[in-house]
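Protein chains in written order, with numbering that gives the first Met the number 0: chain E, 0 to 286; chain R, 0 to 293. As structure tokens, the structure follows; a few thoughts come after it.
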Amino acid sequence: MKGKWLDETFRAFAFFSTLIGILVLCLLLADVLKDGLPRLSWKFITSFPSRRAEEAGILPALVGSAMLLVLTALFAFPVGVAAGIYLEEYAPDNPFTRFIELNIANLAGVPSIIYGLLGLEIFVRAMRGITGGRSILSGALTMALLVLPVIIVSSREAIRAVPKSIREAGYALGATKWQVVRDQVLPVAMPGILTGTILALSRAIGESAPLITIGALTFIAFLPPLSLKALQSPFTVLPIQIFNWVSRPQEAFQANAAAAIIVLLLLLLSMNAAAIYLRNRFQQRLE
Amino acid sequence: MKGQRIKEKALEVIFALCASLSIFTTIGVIAVLLFESIAFFREIPISRFLTETQWTPLFAEKHFGIIVLASATFLTTAIAMAVALPFGLMAAVYMSEYASERARRIIKPSIEVLAGIPTVVYGYFALLFVTPLLKKLIPSISGFNALSAGIVMGIMIIPTVASLSEDALYAVPRSLREGAYALGASTRQVVTGIVIPAASSGILASFILGVARALGETMIVAIAAGQTPRLTLNPLVPVETMTAYIVQVSLGDVPTGSPEFRTIFAVGLTLFIMNLAFDLLSYHLARRQRRYRL
Chain E
0 MKGKWLDETF RAFAFFSTLI GILVLCLLLA DVLKDGLPRL SWKFITSFPS RRAEEAGILP
60 ALVGSAMLLV LTALFAFPVG VAAGIYLEEY APDNPFTRFI ELNIANLAGV PSIIYGLLGL
120 EIFVRAMRGI TGGRSILSGA LTMALLVLPV IIVSSREAIR AVPKSIREAG YALGATKWQV
180 VRDQVLPVAM PGILTGTILA LSRAIGESAP LITIGALTFI AFLPPLSLKA LQSPFTVLPI
240 QIFNWVSRPQ EAFQANAAAA IIVLLLLLLS MNAAAIYLRN RFQQRLE
Chain R
0 MKGQRIKEKA LEVIFALCAS LSIFTTIGVI AVLLFESIAF FREIPISRFL TETQWTPLFA
60 EKHFGIIVLA SATFLTTAIA MAVALPFGLM AAVYMSEYAS ERARRIIKPS IEVLAGIPTV
120 VYGYFALLFV TPLLKKLIPS ISGFNALSAG IVMGIMIIPT VASLSEDALY AVPRSLREGA
180 YALGASTRQV VTGIVIPAAS SGILASFILG VARALGETMI VAIAAGQTPR LTLNPLVPVE
240 TMTAYIVQVS LGDVPTGSPE FRTIFAVGLT LFIMNLAFDL LSYHLARRQR RYRL
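This is the structure in structure tokens:
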């Protein structure tokens, strides 16, 4: 009889363990919404930061996050997909290929702040002439390196899922390897690749540590110019703005942080929704 | 025809270069950390770095005892794993042994959501929700403390532990379970007596991967654990982890190239080595588990 009681407790604890994450998530959301919703307004989104909490807004951070997203995608997507194509379609099964694979797996585990130190030394200091130092370009290059392993791995999975018969049909018609990849494999694999890329980029949008290390500012009272010079201008992003506000003792600034968190989470939510939509379409197509 | 072949070859080379970028990144990380750390250790002997018991590089009287920052990192990591291991493992047990296939398909992604929340949001939660809550239970707790940061970090790591542990539990052959069930064992007895021992390498791998994540986690500890370097294992007072120190210096106005600034690379190198050791150990254990499956 005692055994039965133990069995039930064990089961209940296991069930509770699956719930605790969701429970905490609900608490977190409730807390953020309670603190942040009253502060959220159109003015908050379109204002510059200010020393007075009530007048402060997130415009430069939002613009910075958007620019960082686009630039990171621009760098990481082509390189990641090319690497994925190479490893799935071209690479011979030799020690060098396995070394690359091991490397990619290891890079995915390197703490993000270490990427920040790399970016600081290479992009901010060594390549100052091109990047303009502590600029959005340096930030995007650092972020691209950070998300590259994720994009490569998901590209490989999507490419691997393309049935062999599709490739063979292409070869049978006399197509070259590149023609098969371009015309047969990539179109089928693309939704899967895009899903993985969006998920990787949503990680970049939430990151702050490497950007702090390369010197993103916390107080930006202007927007970047509408020219190529914008790439070399100093920047801030939403997570850093949140970090800055949360670190202040005044409650009014903490409410600003909560409001900015709501915006950040909405941004992430819509990116994830896009990824799920693409994945579902992908699955239907393969079936 | 010849042009076509050159184009094919050129593309292959470009693709191969993109794939090898990962090697250059690794080399870059190691080179940058070593280069700056060696410059640092030329001025501050490595013996001081390893044996001093104070960390005050930004003060007039400088001490460089990495143990101060490392102890804070270990403290927050230990608290995080004390949360992530039991809940992560038990969530994995529920998914693999109790839940129906349909329930599993709902539970798994909803746990994964935790891994997608930006860490700065967790930091906010730790500082402004968990710490005030803890203050009601332990009135003596400071506004910044390792306990709150560690607990929240543990919740963040639950998906890592749950997902990898579940793979390991799931891979235990059905026949082992059925043998025990045939002898009249309950699910609890099967799990604790058969499945968990058989999957122990994989579970350990998930735990160690969780440790590696916790070591490198930055924003939660920078926000909620404080920026006071202190050699202590007391979870109720402010401390400063290795990552939080890097953030502190990056935000400050220490001139680049000064020995004070170079400390962040020496700290980064220490973090990188620790993280790599845990990652490789986890990889090795996970491989051992896979071999078992066959």
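Glycine is no exception: its CB is placed at the ideal position from the N, C-alpha and C atoms.
Which word fits residue i, buried or exposed, when buried means at least 16 other C-beta atoms lie within 10 angstroms of its C-beta?
i	result
L293 (chain R)	Summary for L293 (chain R): the model assigns pLDDT 44, below 50, so the residue's position carries little reliability; its value from the coordinates is reported in the next sentence. That one is exposed.
I129 (chain E)	exposed
W4 (chain E)	exposed
A182 (chain E)	The sequence shown places Asp at residue 182 (chain E), not Ala. Exposed is the call here.
D166 (chain R)	buried
R155 (chain E)	buried
G79 (chain E)	buried
W41 (chain E)	exposed
C25 (chain E)	exposed
R303 (chain R)	Here chain R has residues from 0 to 293 only, and residue 303 (chain R) is not among them.
E291 (chain E)	Nothing can be reported for residue 291 (chain E), as the shown portion of chain E is limited to 0 through 286.
T50 (chain R)	exposed
N255 (chain E)	buried
N102 (chain E)	buried
S70 (chain R)	buried
S36 (chain R)	buried
Give me the residue from the options with the minimum Cα distance to residue i.
i	options	result
M66 (chain E)	E:F234, E:N255 and E:F43	E:F234
S281 (chain R)	R:G209, R:V248 and R:P44	R:G209
G115 (chain E)	R:G2, R:I263 and R:F277	R:I263
V236 (chain E)	E:I121, E:L58, E:A125 and E:A251	E:L58
V161 (chain E)	E:I151, E:V184, E:I21 and E:L147	E:V184
S292 (chain E)	E:M189, E:Y276 and E:R10	This structure cannot settle anything about residue 292 (chain E), because the visible part of chain E is limited to 0 through 286.
A220 (chain E)	E:L24, E:S49 and E:P77	E:S49
S269 (chain E)	R:G115, R:D278 and R:G122	R:G115
F58 (chain R)	R:L279, R:V253, R:G267 and R:T269	R:V253
A52 (chain E)	E:A251, E:P148 and E:A11	E:A251
T71 (chain E)	E:L266, E:Y85, E:I204 and E:L227	E:I204
R202 (chain E)	E:S16, E:L117, E:E120 and E:L264	E:L264
L145 (chain E)	E:E206, E:E7, E:N279 and E:L266	E:E206
T141 (chain E)	E:T175, E:L200, E:A55 and E:L193	E:L200
R278 (chain E)	E:G191, E:L36 and E:L101	E:G191
I84 (chain E)	E:Y276, E:I158, E:S64 and E:I19	E:I158
A221 (chain R)	R:G256, R:L175 and R:Y121	R:Y121
P197 (chain E)	E:V123, E:L32 and E:V69	The amino acid occupying residue 197 (chain E) in the given sequence is Ile; Pro does not appear at that position. It is E:V69.
E216 (chain R)	R:Q3, R:V119 and R:E96	R:V119
G149 (chain R)	R:I202, R:F124 and R:S95	R:F124
State the Cα-Cα distance for the pair residue i and residue j, rounded to the nearest angstrom.
i	j	result
E297 (chain E)	G173 (chain E)	This structure does not reach residue 297 (chain E), given that chain E is present from 0 up to 286, and the question cannot be answered.
V62 (chain E)	N105 (chain E)	32 Å
L222 (chain E)	T212 (chain E)	22 Å
A161 (chain R)	V248 (chain R)	35 Å
A229 (chain E)	M80 (chain R)	43 Å
N271 (chain E)	V112 (chain R)	10 Å
I112 (chain E)	A171 (chain E)	49 Å
L68 (chain R)	T25 (chain R)	25 Å
F86 (chain R)	T191 (chain R)	15 Å
A179 (chain R)	Y169 (chain R)	16 Å
G131 (chain E)	L84 (chain R)	45 Å
A184 (chain R)	I106 (chain R)	26 Å
V262 (chain E)	G138 (chain E)	21 Å
I151 (chain E)	A82 (chain E)	6 Å
S232 (chain E)	V123 (chain E)	12 Å
I165 (chain E)	R97 (chain E)	26 Å
I19 (chain E)	V151 (chain R)	12 Å
R47 (chain R)	T269 (chain R)	14 Å
At what residues does the alpha helix (DSSP H) containing residue i begin and finish?
i	result
P127 (chain E)	Reading the sequence as shown, one finds Arg at residue 127 (chain E) and not Pro. Counting along the chain, the alpha helix (DSSP H) containing R127 (chain E) begins and ends at R127 to T130.
E51 (chain R)	Looking at the DSSP string, E51 (chain R) is not in any alpha helix (DSSP H), and its letter there is neither H nor E.
G108 (chain E)	Segment: none, G108 (chain E) is in no alpha helix (DSSP H) and carries neither H nor E.
L172 (chain E)	Run containing L172 (chain E): none; DSSP gives neither H nor E here.
F295 (chain R)	Residue 295 (chain R) is absent from the model: chain R starts at 0 and stops at 293.
R38 (chain E)	Element bounds for R38 (chain E): n/a, residue is neither H nor E.
F290 (chain E)	What is shown of chain E runs 0 to 286, which leaves residue 290 (chain E) out entirely.
V160 (chain R)	A145 to Y169
Y244 (chain R)	M241 to L250
E42 (chain R)	K1 to E42
T235 (chain E)	Element bounds for T235 (chain E): n/a, residue is neither H nor E.
K107 (chain R)	E100 to G115
### Query
Are the region 267 to 282 of chain R and the region 237 to 250 of chain R touching, with three or more C-beta to C-beta distances below 8 Å?
yes
### Query
Hey, is the region 89 to 105 of chain R in contact with the region 116 to 132 of chain R, meaning 3+ C-beta pairs nearer than 8 Å?
no
#### Entry: Inter-stretch contact (C-beta, 8 Å, three-pair minimum) for the region 140 to 147 of chain R and the region 12 to 26 of chain E
no
### Query
Is the number of C-beta pairs between the region 239 to 254 of chain E and the region 26 to 40 of chain E that are closer than 8 Å three or more?
yes
### Query
Using 8 Å as the threshold, is the region 223 to 235 of chain R in touch with the region 144 to 155 of chain R, meaning 3 or more CB pairs across them?
yes
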